[in-house]
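Read the structure below first, then the notes.
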Amino acid sequence: MIAIDGFVATGKGTIAKQLAKKYDLYHIDTGAFYRAIALKTILHPHDNIDKILDFINLKWEKGKIFLDGVDVSLKIREQEVTNQIDRICNLAKVREFVTLLTRNIAKGESVVVDGRDIGNNILPHADLKFLIIADKEVRIKRRVKQNEAKGIDTSYKIVSEDVEFRDKRDKLNMGNVPERIVIDNTYLTLEETIKEMSKYIDQIL
């Protein structure tokens, strides 16, 4: 098992996908679970979180997230959902739900899982634990570019405020994990980042 934690717009999701493909591992994006739950609360504003979790149907297949049978992979990246993420991530019931869901999916599989509390919470016994970091200004520009590519209308100011806010939350969620291998990809391309991480993975596979 490989655990990849990282701050917003460090490319951890793309990195995880590439590593999964390279080493024939099953990739799981836990952030998509939180976003899908947030989306469901938006779609069903009168239901409390207990009812949401009792009746929600989440599936992660080939890099796409399905909410109650519908592919919401793009929908969950919209600003309306992002605005609800902090509220959702701070609910103990939701964090427990995502933790158990991820562990069940990962059970018996060779996986690479990315998120923000993988190494310290979801997969504490992972064979390798990475932490992806990058300069904040670089990450803001990356996220703006990503949103534009996806057709999501968000300004630099909105992204900047979102990154600042989420960084504070993410630092708390990640905890202190001394054995994490820190990868700073501020000045690295995706290929260079994969190459650097592969040095460690090749030692255990």
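Going by my numbering, 501 is the number at position 15 of the sequence shown; the sequence numbering is gapless.
Note that beta-carbon positions come from the ideal geometry of N, C-alpha and C, so glycine has one too.
- With a minimum length of 3 residues, the unbroken runs of beta strand (DSSP E) contained wholly in the stretch 653 to 679 fall at 667 to 670.
- Nearest C-alpha to Ala489 among Asp603, Phe552, Leu587, Phe541: Asp603.
- Around the Cβ of Asn607, a 10 Å sphere holds 16 or more other Cβ atoms; the residue is buried.
- Nearest in C-alpha terms to Asn569, of all of Glu547, Thr527, Asp554, is Thr527.
- Assigned with DSSP and collapsed to three states, Glu595 falls in coil, not helix or strand.
- Note that the stretch 645 to 656 touches the stretch 617 to 633; at least 3 beta-carbon pairs, one per stretch, sit closer than 8 Å.
- Under the three-pair Cβ rule at 8 Å, the stretch 541 to 555 does not count as touching the stretch 566 to 581.
- DSSP, read as helix, strand or coil, puts Gly517 in helix.
- For the pair Met683 and Leu609, the CB atoms are not nearer than the 7 Å cut-off.
- The way I'd put it, the stretch 502 to 509 doesn't touch the stretch 556 to 565; fewer than three beta-carbon pairs between them come closer than 8 Å.
- Annotated three-state conformation of Gly499 is helix, per DSSP.
- In its chain, beyond the 5 residues on either side, Thr496, Asn671, Thr672 have a beta carbon closer than 6 Å to the beta carbon of Ala620.
- As a beta-bridge residue in DSSP terms, Val556 pairs with Leu553.
- Secondary structure of Asp603 (DSSP, three-state): coil.
- For Ile523, DSSP assigns no beta-bridge partner whatsoever.
- The Cβ atoms of Ile523 and Ile591 do not sit closer than 7 Å to each other.
- Here Tyr512 is exposed, its C-beta having fewer than 16 other C-beta atoms within 10 Å.
- Take Glu678, set aside five residues on each side of it, and the residues of its chain with a beta-carbon closer than 8 Å to its own are Asn671, in chain order.
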